[in-house]
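Here is the structure we will look at, set down as structure tokens.
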Amino acid sequence: MNKRSEIAVSLFGLGLGLVFGSSIFIAPKPAFGMNSLGHIFAMTGTYLTLIMILLSARIPFFERGVGHDKMILWHRKIAPFALVFIFLHVNINTLVYARGVRKTFMDQIQFFYTDYPWMPQAIISSVMMLVLGTISYKRIKNKMRYEVWRIVTGK
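Position 100 (the sequence shown) corresponds to 113 in the working numbering; numbering is contiguous.
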């Protein structure tokens with residue numbers, strides 16, 4: 014690993030530590046439990062998603078220092094963790110809210126979708142991330158025609 018790669022990995026680790034550490038302090042204190050865990054998953058998943066976007070954005074400074082192949086490899090390794098953390102955030106927090114008002118999971122999703130600001134966009138974005146992450150999985154991707162995969166992922 015060259016010097017720039019080591020710096021990039023160190024900055025990534027430092028950023029992840031700051032996000033994780035700060036999310037513990039930001040998480041709601043009275044209900045420190047499942048709801049707070051959902052917030053921690055949200056912050057960590059969002060940070061990992063931001064890193065994935067930066068890795069695939071072909072930023073010349075990073076590409077010259079680390080190399081495009083290595084950046085895409087890192088993107089592929091980080092992606093499952095980002096998807097799982099965001100998936101856990103959505104499900105844990107929905108279950109906590111549903112339990113608090115004695116609703117079913119699907120009733121709570123419907124309530125979020127119809128009555129919470131920005132929640133329809135968040136639900137649609139989560140579904141899109143899950144679909145794109147699933148079809149980018151190597152076994153599924155290899156079964157698709159290349160042209161279809163490129164159109165769906167925008168690459």
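From the three backbone atoms N, C-alpha and C, an ideal C-beta is built for every residue, glycine too.
Taking all protein chains shown into account, decide if residue i is buried (16 or more other Cβ within 10 angstroms of its Cβ) or exposed.
{"i": "A70", "result": "exposed"}
{"i": "F98", "result": "buried"}
{"i": "G10", "result": "Any answer about residue 10 is impossible in this case: the structure gives the chain only from 14 up to 168."}
{"i": "H52", "result": "buried"}
{"i": "S138", "result": "exposed"}
{"i": "L27", "result": "exposed"}
{"i": "L68", "result": "buried"}
Thinking just about the alpha-carbon of each residue, which of the options is nearest to the one in residue i?
{"i": "M119", "options": "V103, W131 and Q134", "result": "V103"}
{"i": "L61", "options": "F25, L50, S36 and F38", "result": "F25"}
{"i": "I91", "options": "T166, T57 and S18", "result": "T57"}
{"i": "F54", "options": "R77, S18, H88 and S35", "result": "S35"}
{"i": "W87", "options": "R17, K16, V22 and Y159", "result": "V22"}
{"i": "F75", "options": "L50, S18, S49 and E160", "result": "S18"}
{"i": "N15", "options": "F38, L50, Y129 and K83", "result": "K83"}
Could you tell me whether any non-hydrogen atom of the ligand SAH is closer than 7 Å to the CB of residue i?
{"i": "M65", "result": "As presented, the structure is devoid of all ligands, the ligand SAH included, so that no description of it is given."}
Below 8 Å CB to CB, which residues in the same chain sit around residue i once its five sequence neighbours on both sides are set aside?
{"i": "T107", "result": "F118, Q121, I122 and F125"}
{"i": "I148", "result": "K154, M157, W162, V165 and T166"}
{"i": "I96", "result": "Note that residue 96 corresponds to Leu in the displayed sequence, not to Ile. Answer for L96: G58, M142, L143 and G146, listed in chain order."}
Look up residue i in the DSSP assignment and say whether it is helix, strand or coil.
{"i": "W162", "result": "helix"}
{"i": "P130", "result": "coil"}
{"i": "I186", "result": "A query on residue 186 cannot be resolved here, the shown segment of the chain reaching from 14 to 168 and no further."}
{"i": "N15", "result": "coil"}
{"i": "K116", "result": "coil"}
{"i": "R71", "result": "coil"}
{"i": "G46", "result": "coil"}
{"i": "S139", "result": "helix"}
{"i": "Y150", "result": "coil"}
{"i": "M84", "result": "helix"}
{"i": "M65", "result": "helix"}
{"i": "M157", "result": "coil"}
Please list, in chain order, all residues of the same chain as residue i whose beta carbon is under 7 Å from its beta carbon, the five residues on each side excluded.
{"i": "P133", "result": "Y126"}
{"i": "V32", "result": "M56, T57 and Y60"}
{"i": "F94", "result": "L61"}
{"i": "V79", "result": "R17, S18 and A21"}
{"i": "M65", "result": "H88, I91, A92 and A95"}
{"i": "I37", "result": "I53"}
{"i": "L50", "result": "I105"}
Apart from the five residues just before and just after residue i, which ones in its own chain have a Cβ nearer than 6 Å to its Cβ?
{"i": "M47", "result": "I105 and V109"}
{"i": "A111", "result": "F118 and Q121"}
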